[in-house]
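The block underneath contains the structure these notes are about, expressed in structure tokens.
Residue numbers (my numbering), protein chains in the order written: chain A, 1 to 336; chain B, 337 to 750.
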């Protein structure tokens with residue numbers, strides 16, 4: 001739980017690297033971009049949070065890693081490398097070896113990921129068998145992982161159908177399936193959004209504990225700043241298909257470098273904000289990523305925008321302490 | 337105490353659950369809301385919040401108990417006159433707005449049904465909303481069209497939407513705009529009370545702030561009373577004057593927002609408040625001290641304890657029990673049941689299967705809601721005993737320490 005990017009961890013190997021990833025769809029000869037050039041780096045054992053509001057492209061970014069983009073959405077350009085291997089060059093069959101065994105995903109709604117017609121055991125065993133385990137081995141391992149994720153009565157859960165389990169238990173089963181093959185990276189896409197806070201807390205604690213135990217890297221995708229505050233080392237804030245701020249967690253919350261991050265933090269009610277005091281509003285609505293003009297996509301909602309913001313879209317600029325923001329103006333220059 | 341706008345006494349709602357069994361979604365709930373006051377209702381899914389909301393505005397008949405609005409009982413009043421006093425705003429504006437009606441039509445419909453503008457009587461215009469097409473709607477509007485449209489504009493202005501939104505359909509609105517329209521529609525009948533059932537939960541963070549600010553402004557301007565129902569404790573904390581916390585259909589704690597959320601007396605309230613992730617990494621390490629207990633893996637060292645002087649009785653009690661109020665056993669160990677169905681324990685306190693402080697008494701005797709501090713009610717044997725001990729001048733927590741064995745039998749397997 002120590003320093004995010006500084007220190008010995010900085011030297012450890014890059015596990016997942018996204019370079020200029022663009023996601024969208026092609027219509028005739030025109031490319032419609034939704035994710036507009038994302039660069040991210042996750043080192044072994046590191047925890048990265050991707051935060052953004054709906055439509056910011058955070059989910060599409062992570063889906064592009066394992067080529068799981070829905071419908072006609074596709075990776076338009078860019079490189080996704082995992083442990084030195086370029087995933088974009090792999091054939092479907094080769095990629096299947098990476099999915100699950102190297103990189104596992106957990107989604108928001110466990111009920112849509114679990115097969116309602118199969119008992120939990122079949123679904124866990126199916127995964128293990130697909131990754132080469134023998135039948136007996138798979139059955140033993142199944143019970144073991146269900147126990148590991150803190151399910152109270154693994155024997156009974158094993159025999160249950162998904163609908164017989166609560167939402168929290170279903171999500172634990174999903175995590176058990178994800179972890180059954182000991183992945184090196186877990187991508188969790190809003191895994192607790194559909195759950196009650198007390199259940200969310202259990203799931204967060206579970207993943208934290210497992211992460212510490214196994215040393216796997218974790219990418220959390222969430223809209224909840226409270227969740228990332230306690231869960232990750234580094235946060236990437238996305239807006240209109242781009243990373244607008246990337247910073248170590250503590251730094252991001254203490255001193256945000258992008259006006260959008262600052263506005264998001266200001267919009268949260270907190271114990272210190274004063275009872276019934278008006279919350280800071282951002283105003284306006286996010287732009288349609290398919291219809292962006294030139295300039296910074298946040299400029300229309302930004303209180304600190306200047307002429308340059310209209311003309312030129314900023315790229316990530318270093319603001320010290322490992323913090324980067326896509327904003328022409330340093331926080332010191334912001335209008336008060 | 338401000339004059340009560342809403343008074344609910346001993347509300348119980350039972351639903352048949354098949355095979356002669358019943359689910360008691362709401363069990364003996366009494367709440368009141370004063371003029372211009374906000375009552376926050378917090379609790380997890382399945383705790384009966386939404387059933388309570390429907391009972392309070394008369395959408396459901398209580399199995400027993402009564403609701404009165406502005407001193408008049410709900411049961412006897414006509415549905416329409418009741419609707420004018422209390423309105424419900426739902427979580428998802430897109431599912432509560434008719435996709436085939438423009439904003440103006442949706443708002444105008446309410447005015448027409450209630451005969452509020454344009455003279456059409458209530459009886460004549462009571463047409464099935466779902467089936468009405470736009471042309472049919474024009475007929476209904478025919479009467480006082482201009483007056484009604486002017487009123488629609490005023491309503492839109494009230495929720496800070498311009499008149500240009502009048503001709504839009506719900507799919508042309510953002511989530512925040514749609515929720516504003518839903519609020520405007522509720523306000524069209526000039527109610528005294530709004531029951532807001534998770535009004536911000538479906539919205540993005542930046543939009544939530546807008547809706548909360550709007551609700552607070554409207555409350556000031558129109559002296560509205562609110563029942564604000566949410567699982568989001570930080571929102572409940574921000575907007576509420578008083579808070580009640582529900583668990584399995586019962587109110588387990590009730591009082592001023594400050595007392596209930598900053599100095600909770602019920603272990604469940606504490607667990608709920610602690611479970612909310614705080615957007616402050618500086619606070620995260622302390623909160624994560626019991627993080628390692630969830631997975632069945634080697635535990636790491638314990639974190640720092642909070643300084644003794646800031647401890648509430650609950651923190652002290654929980655420290656004495658060497659356990660935090662952890663919601664680990666959402667379902668009693670060994671039991672596999674959907675948490676969304678209220679499964680009552682056989683007896684005693686409904687929270688005892690999850691409670692780290694539960695003892696023999698908690699397992700057998702259901703606690704009564706007791707006023708421990710003026711205005712602060714709690715349904716917890718342990719809290720009541722601790723308060724009794726404090727009053728008689730005993731130091732520490734004798735009541736809790738007297739029954740350490742009670743906890744031992746209830747260790748959740750980890």
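Glycine included, C-beta positions come from ideal geometry on N, C-alpha and C. Keep in mind the model is a prediction, meaning the values are calculated, not measured.
Taking C-beta pairs closer than 8 Å, name the residues in chain A that residue i reaches, listed in chain order.
i, result
"residue 549 of chain B", "278, 279, 281"
"residue 537 of chain B", "In chain order: nothing, as chain A lies at least about 10 Å away."
Sort out for me which residues DSSP pairs residue i with in a bridge.
i, result
"residue 580 of chain B", "B:377, B:590"
"residue 248 of chain A", "A:234"
"residue 318 of chain A", "A:324"
"residue 222 of chain A", "A:51"
"residue 31 of chain A", "A:26"
"residue 440 of chain B", "Looking at the DSSP assignment, residue 440 of chain B forms no beta bridge with any residue, so it has no partner."
"residue 612 of chain B", "Looking at the DSSP assignment, residue 612 of chain B forms no beta bridge with any residue, so it has no partner."
"residue 408 of chain B", "B:405"
"residue 19 of chain A", "A:79"
Could you check whether the Cβ of residue i sits closer than 8 Å to any Cβ belonging to chain B?
i, result
"residue 338 of chain A", "Residue 338 of chain A is absent from the structure shown; chain A starts at 1 and stops at 336."
"residue 30 of chain A", "no"
"residue 3 of chain A", "Bear in mind that a pLDDT of 39 at residue 3 of chain A, under 50, signals an unreliable position, so the number given afterwards is only what the model happens to contain. No, residue 3 of chain A lies away from the interface with chain B (no Cβ there is under 8 Å from its Cβ)."
"residue 124 of chain A", "no"
"residue 189 of chain A", "no"
"residue 109 of chain A", "no"
"residue 319 of chain A", "no"
"residue 230 of chain A", "yes"
"residue 140 of chain A", "no"
"residue 7 of chain A", "With a pLDDT of 40 at residue 7 of chain A, under the threshold of 50, the modelled position of that residue is not reliable, and the figure given next carries that caveat. No, no contact with chain B."
"residue 14 of chain A", "no"
"residue 224 of chain A", "yes"
Along chain B, which residues have their Cβ under 9 Å away from the Cβ of residue i?
i, result
"residue 53 of chain A", "540, 541, 542, 543"
Just the chain B side, please: which residues come within less than 8 Å of residue i by C-beta, in chain order?
i, result
"residue 227 of chain A", "613"
"residue 201 of chain A", "610, 611, 613, 663"
Quick one: which chain A residues come within Cβ less than 7 Å of residue i?
i, result
"residue 368 of chain B", "What residue 368 of chain B touches in chain A: nothing, since even the nearest Cβ is about 20 Å away."
"residue 386 of chain B", "Residues of chain A passing the Cβ test: none, with the nearest at roughly 14 Å."
"residue 700 of chain B", "The contacting residues do not exist; residue 700 of chain B stays about 23 Å from chain A at best."
Applying a beta-carbon distance threshold of less than 7 Å, which residues of chain B neighbour residue i?
i, result
"residue 196 of chain A", "380, 381, 567"
"residue 265 of chain A", "615"
Measuring only between beta-carbons, confirm whether residue i sits less than 8 Å from chain A.
i, result
"residue 663 of chain B", "With a pLDDT of 41 at residue 663 of chain B, under the threshold of 50, the modelled position of this residue cannot be trusted; read the value that follows with caution. Yes, residue 663 of chain B lies at the interface with chain A (some Cβ there is under 8 Å from its Cβ)."
"residue 592 of chain B", "no"
"residue 508 of chain B", "no"
"residue 658 of chain B", "Its pLDDT being 43, under 50, residue 658 of chain B is placed unreliably by the model, and nothing is read from it."
"residue 546 of chain B", "yes"
"residue 552 of chain B", "yes"
"residue 404 of chain B", "no"
"residue 482 of chain B", "no"
"residue 570 of chain B", "yes"
Under 9 Å between beta-carbons, which chain A residues line up against residue i? List them in chain order, please.
i, result
"residue 561 of chain B", "Residues of chain A passing the Cβ test: none, with the nearest at roughly 15 Å."
Quiz item: Contact between the stretch 160 to 170 of chain A and the stretch 571 to 580 of chain B: three or more CB pairs below 8 Å?
Solution: Flag = no, the stretch 160 to 170 of chain A and the stretch 571 to 580 of chain B do not touch.
Exercise. Give a yes or no on contact between the stretch 297 to 310 of chain A and the stretch 218 to 230 of chain A, applying the rule of three or more CB pairs nearer than 8 Å.
Key: Touching, no, given that fewer than three Cβ pairs across the two stretches are closer than 8 Å.
Quiz item: Which residues, in chain order, does the stretch 232 to 259 of chain A contribute to contact with chain B at a C-beta distance below 7 Å?
Solution: Cβ contacts with chain B: 249, 250, 253.
Quiz item: When the Cβ atoms of the stretch 192 to 208 of chain A are set against those of the stretch 244 to 262 of chain A, are three or more pairs found closer than 8 Å?
Solution: Taking a cut-off of 8 Å for Cβ pairs, the stretch 192 to 208 of chain A and the stretch 244 to 262 of chain A do not touch, as fewer than three such pairs fall below it.
Quiz item: So, do the stretch 435 to 455 of chain B and the stretch 486 to 500 of chain B have three or more beta carbon pairs nearer to each other than 8 Å?
Solution: The stretch 435 to 455 of chain B and the stretch 486 to 500 of chain B touch, with no fewer than 3 CB-CB distances between them shorter than 8 Å.
Quiz item: Pairing CB atoms from the stretch 426 to 446 of chain B with CB atoms from the stretch 501 to 517 of chain B, are three or more of them under 8 Å?
Solution: These segments touch.
Quiz item: What residues in the stretch 598 to 615 of chain B bring their beta carbon closer than 7 Å to a beta carbon of chain A?
Solution: Interface annotation for the stretch 598 to 615 of chain B against chain A: 607, 608, 611, 612, 613, 614, 615, criterion Cβ-Cβ distance under 7 Å.
Exercise. Taking only beta carbons into account, state which residues of the stretch 370 to 384 of chain B come closer than 8 Å to chain A, listed in chain order.
Key: Hits within the stretch, in order: 380, 381.
Quiz item: Residues in the stretch 278 to 312 of chain A with C-beta within 7 Å of chain B's C-beta atoms, listed in sequence order?
Solution: Against chain B - using a Cβ distance shorter than 7 Å - the residues of the stretch 278 to 312 of chain A are 278, 279, 280, 281, 282, 285.
Quiz item: Can at least three beta-carbon pairs, one atom from the stretch 96 to 104 of chain A and one from the stretch 172 to 190 of chain A, be found at a separation below 8 Å?
Solution: Under the three-pair Cβ rule at 8 Å, the stretch 96 to 104 of chain A counts as touching the stretch 172 to 190 of chain A.
Quiz prompt | the stretch 409 to 428 of chain B / the stretch 377 to 397 of chain B touching (three or more Cβ pairs under 8 Å) | solution = Verdict: yes, contact present.
Quiz item: Quick check: the stretch 526 to 539 of chain B against the stretch 552 to 568 of chain B, are there 3 or more CB pairs under 8 Å?
Solution: Taking 8 Å as the limit for Cβ pairs, the verdict is that the stretch 552 to 568 of chain B does touch the stretch 526 to 539 of chain B.
Practice problem: Return the residues of the stretch 407 to 434 of chain B that lie within a Cβ-Cβ distance of less than 8 Å from chain A, sorted by chain order. | Solution: Answer in chain order: no residues at all.
Quiz prompt | Touch test, the stretch 685 to 703 of chain B against the stretch 714 to 724 of chain B, Cβ-Cβ under 8 Å, three pairs minimum | solution = The stretch 685 to 703 of chain B vs the stretch 714 to 724 of chain B: in contact.
Quiz item: Do the stretch 184 to 191 of chain A and the stretch 57 to 76 of chain A meet, that is, are 3 or more Cβ pairs less than 8 Å apart?
Solution: Verdict: yes, contact present.
Quiz item: So, do the stretch 236 to 252 of chain A and the stretch 314 to 332 of chain A have three or more beta carbon pairs nearer to each other than 8 Å?
Solution: Yes, they touch.
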